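Everything below concerns the one structure shown next.
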Amino acid sequence: MKVFVAGATGATGCLLATRLHAAGHLLNVVVRSVERLPEALREDAQVQVAEAALLDLSDAELVQQVRGCDAVALCLGHNLSLKGIYGQPRRLVTEATRRLCAAIRVHSPNRPVKFLLMNTTGNRNRDLAEPIPLAQHCVIGLLRLILPPHPDNEQAADYLRVQVGQRDVIEWVAVRPDGLIDAAEVSAYTLHPSPTRSAIFDAGKTSRINVADFMARLIEDAELWEHWKGQMPVIYNEEV
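When you line the sequence shown up against full-length UniProt numbering, it's residues 1 to 240, in that order.
Here's what the structure looks like:
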């Protein structure tokens, strides 16, 4: 399969790109710094690398990046710094989602293209009217005001839910990990249609390598994709 990965030098995107590369998939990646890519990806002719900020690419360049791709994985996020949180672009994930979907549609693919968005349990799936406690509702409302990345994540998922929907040349899944942690190996994890605990007051843990494994399995496994497409699955590390 041919997969476009955005955010391939990020903590989770790098793990996803490495996992897909090891499985023999063709990759297109856009990265700010080629030197931050793992050596195995930099030196493989099967990996097409563009060095740029994704949103700096023209519409025509994005169309070329996704040409022939069976899946597009968006693992972008805001850096945890003052500039990353409060600087431009404020709608990095939303704009990347919108523009990549537009680029996919230009090709009028004869079979659906999979679009995978890495999101967060702090974002509700409004298709399921997920209930949240009043206290958590208040905290999230505050986060929308003071932390621009939070509404960015919400709006990106809402674009897929509302603008792409369930009848399109694009099929989508928004993966929602909880508190992200690092781990050396894939471990047991559980998947749920909605959060089973409070993202604010009782957050679980999700290793980045488990997120990468689940996203790769969604790309590779048709049955798993059929189960979760058009949904926002929540992933937690299995508690020992």
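Just so you know, even glycine gets a beta-carbon here, dropped at the ideal spot from N, CA and C. Predicted, not measured: the structure shown is a model, and the values here were computed from it.
Residue i (DSSP reduced to helix, strand or coil)
i, result
"M232", "coil"
"residue 295", "With the chain covering 1 to 240 only, the question about residue 295 has no answer from this structure."
"G68", "coil"
"H21", "helix"
"H107", "coil"
"N153", "helix"
"T196", "coil"
"A184", "coil"
"D168", "coil"
"F214", "helix"
"R124", "coil"
"L224", "helix"
"G13", "helix"
"I132", "coil"
Residue(s) in a DSSP beta bridge with residue i
i, result
"V173", "L116"
"Y159", "Bridge partners of Y159: none, in fact."
"L27", "V3, V47"
"N237", "Y189"
"A73", "V5, L116"
Supposed close pair residue i, residue j - CB separation, criterion 8 Å
i, j, result
"C101", "V5", "Between V5 and C101 the Cβ distance is about 16 Å, and since that is not below 8 Å, they are no contact."
"V173", "L218", "6 Å"
"V119", "A157", "It should be pointed out that residue 119 corresponds to Asn in this sequence rather than to Val. Contact holds; Cβ gap of about 5 Å."
"N153", "M232", "The Cβ separation is near 11 Å, so there is no contact."
"G7", "G77", "7 Å"
"G204", "Y236", "4 Å"
"D44", "H21", "7 Å"
"V47", "V34", "With 8 Å as the limit, V47 and V34 do not qualify as a contact, their Cβ atoms being about 10 Å apart."
"A103", "V63", "5 Å"
"F214", "Q136", "About 25 Å; that fails the 8 Å criterion."
Delimiting residues of the beta strand (DSSP E) encompassing residue i
i, result
"G179", "179-181"
"I6", "According to the sequence shown, residue 6 is Ala rather than Ile. Element bounds for A6: 2-6."
"residue 260", "Outside the shown range of the chain (1 to 240) lies residue 260, about which nothing can therefore be said."
"T206", "205-207"
Contact check, residue i vs residue j, beta carbons under 8 Å
i, j, result
"V72", "E51", "no"
"I181", "S207", "yes"
"M1", "D70", "yes"
"R19", "A212", "yes"
"V186", "N210", "yes"
"L16", "A222", "no"
"T94", "Q155", "yes"
"H107", "R167", "no"
"E130", "A188", "no"
"V175", "L116", "yes"
"L41", "V3", "no"
"S198", "P151", "no"
"A23", "E220", "yes"
Minimum Cβ-Cβ distance from residue i to chain B less than 8 Å
i, result
"G10", "Annotation note: the requested chain B is absent from the structure, which comprises a single protein chain."
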